[in-house]
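Comments concern the structure below.
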Amino acid sequence: MPVFDLSDLSAACPPNTPWLGLDLGENTIGVAASDAGRIIASPLELIRKTKFSQDAEQLFRIMDGRKVSALVIGLPLNMDGTEGPRAQSCRAFARNLERFRPVNVAFQDERLSTTAVERFLIDELDLTRKRRADVVDRTAAAWILQGALDRLRP
Numbered sequence: 001m002p003v004f005d006l007s008d009l010s011a012a013c014p015p016n017t018p019w020l021g022l023d024l025g026e027n028t029i030g031v032a033a034s035d036a037g038r039i040i041a042s043p044l045e046l047i048r049k050t051k052f053s054q055d056a057e058q059l060f061r062i063m064d065g066r067k068v069s070a071l072v073i074g075l076p077l078n079m080d081g082t083e084g085p086r087a088q089s090c091r092a093f094a095r096n097l098e099r100f101r102p103v104n105v106a107f108q109d110e111r112l113s114t115t116a117v118e119r120f121l122i123d124e125l126d127l128t129r130k131r132r133a134d135v136v137d138r139t140a141a142a143w144i145l146q147g148a149l150d151r152l153r154p
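In terms of full-length UniProt numbering, the sequence shown has 103 at position 103, counting the first letter as 1, and numbering is strictly consecutive.
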């Protein structure tokens, strides 16, 4: 599986193909998708983790259905920029996907993405705690993907 620096990912992907953004949690995987022009990221769905093979199969179904050419995975760095156990777990997830099939992958710093999304859902949308729990992971995935898309924009 090719793991790219974000700045090199576009060159490795066919033009006019969307990307998926992933927010890897302990129990769920938040999934977001870009449009084919890679301008806008939108929350898509939530995968409830079971066995890795089943999670990967569900992710690949989403990718195939949308003709996705790459994954942008949120990398939960420590506040000082170092990688801890959670970041290593995200890298292991990407490596484990390779056992099933090659996927273009880049990582995007996700520090404070869930906090920012929670704040938005409370302040701007006034969502209840239960409703926030239903949307926070896939919205965080969109936040991560949108951050990557914005970084690549000239």
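The C-beta atom is built at its ideal place from N, Cα and C for all residues, glycine as well.
Report all residues from its chain with a CB closer than 7 Å to the CB of LEU77; omit the five preceding and five following residues, and keep chain order. Short of 7 Å from the beta carbon of LEU77, and not among the five residues preceding or following it, lie these beta carbons of its own chain, in chain order: GLU83, ALA87, ASP109 and ARG111.
Between the Cα of GLN58 and the Cα atoms of ILE47, ARG66 and LYS67, which residue gives the shortest distance?
Out of ILE47, ARG66 and LYS67, ILE47 has the C-alpha closest to the C-alpha of GLN58.
Beta-carbon separation of ARG138 and GLY30 under 7 Å?
Going by C-beta atoms, ARG138 is nearer than 7 Å to GLY30.
### Task
Out of LEU20, ASP8, ALA92 and GLY74, point me to the one whose CA is closest to ASP64's CA.
Nearest of LEU20, ASP8, ALA92 and GLY74 to ASP64, Cα basis: LEU20.
Skipping 5 residues on each side, what residues in its chain have a beta carbon closer than 8 Å to that of ASN27? If the five residues before and after ASN27 are omitted, its C-beta is found closer than 8 Å to the C-beta atoms of ARG48 and LYS49, all from its own chain and listed in chain order.
task: Starting from the C-beta of ALA148, find all residues in its chain whose C-beta is less than 6 Å away, skip the five residues before and the five after it, and write them out in chain order.
output: Cβ neighbours of ALA148 beyond the five flanking positions: LEU6, VAL72 and GLN108.
Where PHE107 falls: helix, strand or coil (DSSP): In the structure shown, PHE107 sits in a strand (DSSP, three-state: E or B).
field: Helix, strand or coil at PHE4 [DSSP, three-state]
entry: Residue state, collapsed to three classes: strand.
Open item on the list: Quick test of your reading: PRO43 and VAL105, contact by CB under 8 Å. State the CB separation rounded to the nearest angstrom.
Closed with: In fact, because the Cβ distance is near 20 Å, the residues do not count as touching under 8 Å.
Open item on the list: Contact defined as beta carbons within less than 8 Å: I believe ALA33 pairs with PRO18. What is the distance between those atoms, to the nearest angstrom?
Closed with: About 6 Å separates the two Cβ atoms, so the contact holds.
Given this structure, state the Cα-to-Cα distance separating ILE62 from GLY81, to the nearest angstrom. If you take the alpha carbons of ILE62 and GLY81, they lie about 31 Å apart.
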